[in-house]
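J.:
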Amino acid sequence: MSSQPAPTRRIDSIDGLRALAFLSVFAFHTWEFAGRPYVPVISSVVGQNIRPDFFVVLTGFVLYLPFARDGSRLDSFATRSYLTRRLRRIVLPYYAALAFAVALPQGLVILMRLLGRDASWQPWPSAGDLVSHLTFTHLFFVDHWDGINGSLWTMSLEMQLYLLFPLLVLAIHRWGVRALLGAIVVAVLFRVGVAVAVDGPRFPDEFLWGASGLGRLMEFAAGMGAAVLAFRARPDLGRLRTAGLALGALCSYWVATARWPISEVLPLRELGLGALFAAVVILTLRTGLSRVVSVLPLRWVGLRAYSLFLVHQPVAWYLSEAMTKFGGLEQGTGLLAVLWTVGLVVVVAVGLVLWLTVEQPCIRWARAVPQRRPAPLDAVGAESRPRQGEPA
1 MSSQPAPTRR IDSIDGLRAL AFLSVFAFHT WEFAGRPYVP VISSVVGQNI RPDFFVVLTG
61 FVLYLPFARD GSRLDSFATR SYLTRRLRRI VLPYYAALAF AVALPQGLVI LMRLLGRDAS
121 WQPWPSAGDL VSHLTFTHLF FVDHWDGING SLWTMSLEMQ LYLLFPLLVL AIHRWGVRAL
181 LGAIVVAVLF RVGVAVAVDG PRFPDEFLWG ASGLGRLMEF AAGMGAAVLA FRARPDLGRL
241 RTAGLALGAL CSYWVATARW PISEVLPLRE LGLGALFAAV VILTLRTGLS RVVSVLPLRW
301 VGLRAYSLFL VHQPVAWYLS EAMTKFGGLE QGTGLLAVLW TVGLVVVVAV GLVLWLTVEQ
361 PCIRWARAVP QRRPAPLDAV GAESRPRQGE PA
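For the sequence shown, the UniProt record's numbering assigns the number 1 to the initial residue and increments by one for each residue that follows.
(1) For L152, name the three-state secondary structure that DSSP assigns.
(2) Just to confirm, are V57 and E219 a CB contact at a threshold of 7 Å?
(3) From what residue to what residue does the alpha helix (DSSP H) around Q360 run?
(4) Using DSSP with H/G/I as helix, E/B as strand and the rest coil, what is I14?
(5) Beta-carbon separation of residue 420 and V228 under 7 Å?
(6) Is it buried or exposed, E264, if we count other Cβ atoms within 10 angstroms and call 16 or more buried?
(7) Identify the continuous alpha helix (DSSP H) that holds A103 and give its terminal residues.
(8) Express the C-alpha separation of P370 and M1 in angstroms, rounding to a whole number.
(9) What residue range is occupied by the uninterrupted alpha helix (DSSP H) comprising D129?
(10) Would D118 pass as a contact of G302 if the rule is Cβ separation under 7 Å?
(11) For F309, which residues of its own chain have a beta-carbon under 7 Å away from its beta-carbon, when the five flanking residues on both sides are left out?
(12) With distances taken Cα to Cα, identify the nearest neighbour of S44 among W209, L139 and E32.
(13) For a test of the three-state rule: what should DSSP assign to Q331, helix, strand or coil?
(14) Which class does W340 belong to by DSSP, given the choice of helix, strand or coil?
(15) Considering just the uninterrupted stretch of the alpha helix (DSSP H) at R286, what are its terminal residues?
(16) Looking at V194 and G210, is the spacing between their C-beta atoms short of 7 Å?
(17) Select from L344, L296 and V281 the residue whose C-alpha is nearest the C-alpha of F55.
(18) Residues in the same chain with beta-carbon distance under 8 Å from V198, minus the five sequence neighbours each way, listed in chain order, please.
(19) Given this structure, state the Cα-to-Cα distance separating I184 from S156, to the nearest angstrom.
(20) Roughly how many angstroms lie between the CA atoms of A278 and L289, to the nearest whole one?
(21) Look at the Cβ atom of V358, then the Cβ atom of P123, and state whether they are nearer than 7 Å.
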């Protein structure tokens with residue numbers, strides 16, 4: 001048994017896409033904090049709120065990437081090693097972000113009082129908030145899903161997808177890539193069942209069921225499928241295939257965002273966005289778009305996107321409050337401009353602290369998971385042979 005960390009090969013353009021996914025999250029929330037001002041074209045795009053869908057597709061792509069590069073890895077996939085790496089990679093930064101979200105408002109109250117201004121203590125999270133968030137189960141509770149940091153409901157979704165991933169790998173090992181189509185069918189049937197069976201309001205009751213791992217499984221499977229297609233395609237797609245993918249992406253966006261009566265039952269939005277972002281990933285990897293999204297600033301942000309995402313909402317929210325209460329700015333395009341410039345710099349600065357102090361050490365900790373001798377995939381808790389090129 002070797003304790004050496006497995007070498008990794010990052011794909012610069014995927015880091016660029018991660019940066020764009022984070023920036024779409026940041027743009028949406030700051031647009032909301034600024035009062036949803038109307039900005040031609042920009043407001044209609046930002047207001048679609050497609051950011052979690054993009055992240056889910058990218059998650060499926062990155063997790064399945066080693067197997068798309070080398071199909072023989074399916075023979076020795078180790079569930080225990082995989083879960084150990086995932087938990088070491090994501091849990092401590094998430095916990096640190098929860099602590100930051102709880103401490104930040106209290107620290108600001110202390111600061112305001114030291115400056116001689118009135119400030120009221122903010123309520124502490126309930127026991128239910130803390131337990132559900134710490135166990136990644138908050139998405140299952142109407143009263144707690146957004147209790148500490150409203151944007152971190154996606155962490156419960158991500159954990160569910162991490163737990164579903166070994167089942168998908170096992171299914172692909174037995175039935176081939178067509179198992180991903182089966183996963184999409186299961187997700188669609190689940191969403192239809194939710195639409196029929198849930199008696200509560202569409203938001204948040206039906207939304208929370210639809211935002212679960214099974215509810216978003218079609219987007220996750222689309223990301224895995226994108227990894228397969230990207231590495232089976234020729235290095236140069238050619239003009240015809242490129243045009244076909246681009247047209248497919250546009251049609252998928254139309255399907256996802258148009259108002260269809262049947263979308264009350266069928267998850268056309270998630271199916272469309274899954275296809276859209278899968279096409280975007282393939283086009284990025286196999287066309288000149290790769291050079292566009294691989295520029296250094298985007299790669300730099302993409303590498304740190306997890307930390308930036310974890311802290312962006314409370315930082316941007318309290319900054320927007322400070323701008324309106326003490327900076328004389330009213331909600332509107334002026335406030336939005338400040339949040340998209342100064343606010344982004346502040347979020348990056350705070351996120352960089354989390355990256356340096358918590359996330360980066362956790363990445364090294366995850367890479368140090370011992371690699372063991374290969375064993376059959378069908379064995380429960382099977383161990384894996386050393387892996388090359390596994391993404392961080």
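All residues carry an ideal CB built from backbone N, CA and C; glycine is no exception.
T.: The answer reads as follows:
(1) The residue given as residue 152 occupies position 152 in the sequence shown. Of the three classes helix, strand and coil, the one that applies to L152 here is helix, per DSSP.
(2) Against the sequence shown, residue 57 aligns to sequence position 57. Against the sequence shown, residue 219 aligns to sequence position 219. Cβ atoms of V57 and E219: closer than 7 Å.
(3) The residue you call residue 360 lines up with position 360 of the sequence shown. Element bounds for Q360: Q360 to R367.
(4) By one-based count along the sequence shown, residue 14 stands at place 14. Three-state DSSP puts I14 in a helix.
(5) Because the chain is modelled from 1 through 392, residue 420 falls outside the range shown and cannot be assessed.
(6) Residue numbering aside, residue 264 sits at position 264 when the sequence shown is read from its first letter. Looking at its Cβ environment, which holds fewer than 16 other Cβ atoms inside 10 Å, E264 is exposed.
(7) On the sequence shown, residue 103 is found 103 positions in, with the first residue counted as 1. Note, A103: alpha helix (DSSP H), T79 to L114.
(8) Here residue 1 refers to the residue found at position 1 when the sequence shown is read from its first residue. Here residue 370 refers to the residue found at position 370 when the sequence shown is read from its first residue. Low confidence applies here, because M1 scores a pLDDT of 35, under 50, leaving its location unreliable; read the following figure in that light. Straight-line Cα distance between these residues: approximately 7 Å.
(9) Counting from 1 along the sequence shown, the entry for residue 129 is found at position 129. It spans A127 to L134 - the alpha helix (DSSP H) in which D129 sits, taken as one unbroken run.
(10) Position 118 of the sequence shown, counting from 1, holds the residue named residue 118. Position 302 of the sequence shown, counting from 1, holds the residue named residue 302. Against a cut-off of 7 Å, the Cβ pair of G302 and D118 comes out as no contact.
(11) Taking the first residue of the sequence shown as position 1, residue 309 is located at position 309. Within the same chain, F309 has close Cβ partners F22 and V25.
(12) Translated into positions along the sequence shown, residue 44 becomes position 44. When only C-alpha atoms are compared, the closest one is E32.
(13) Translated into the one-based positions of the sequence shown, residue 331 becomes position 331. Q331: coil per DSSP, three-state reduction.
(14) What you label residue 340 is simply residue 340 of the sequence shown in a count that begins at 1. W340: helix per DSSP, three-state reduction.
(15) Numbered from its first residue, the sequence shown carries residue 286 at position 286. Start and end: L268 to R286.
(16) In the sequence shown, residue 210 corresponds to position 210, counting from 1. In the sequence shown, residue 194 corresponds to position 194, counting from 1. Cβ distance < 7 Å, so G210 and V194 count as in contact.
(17) The residue given as residue 55 occupies position 55 in the sequence shown. Among L344, L296 and V281, the Cα nearest to that of F55 is on V281.
(18) On the sequence shown, residue 198 is found 198 positions in, with the first residue counted as 1. So the list reads D205, E206 and W209, once near-sequence residues are dropped.
(19) As a position in the sequence shown, residue 184 is number 184, starting the count at 1. As a position in the sequence shown, residue 156 is number 156, starting the count at 1. Roughly 20 Å between the two C-alpha positions.
(20) Within the sequence shown, numbered from 1, the residue matching residue 278 stands at position 278. Within the sequence shown, numbered from 1, the residue matching residue 289 stands at position 289. Those two C-alpha atoms are separated by around 14 Å.
(21) Start at 1 with the first residue of the sequence shown, and residue 358 comes out as number 358. Start at 1 with the first residue of the sequence shown, and residue 123 comes out as number 123. It is not a contact, given that the beta carbons lie outside the stated cut-off.
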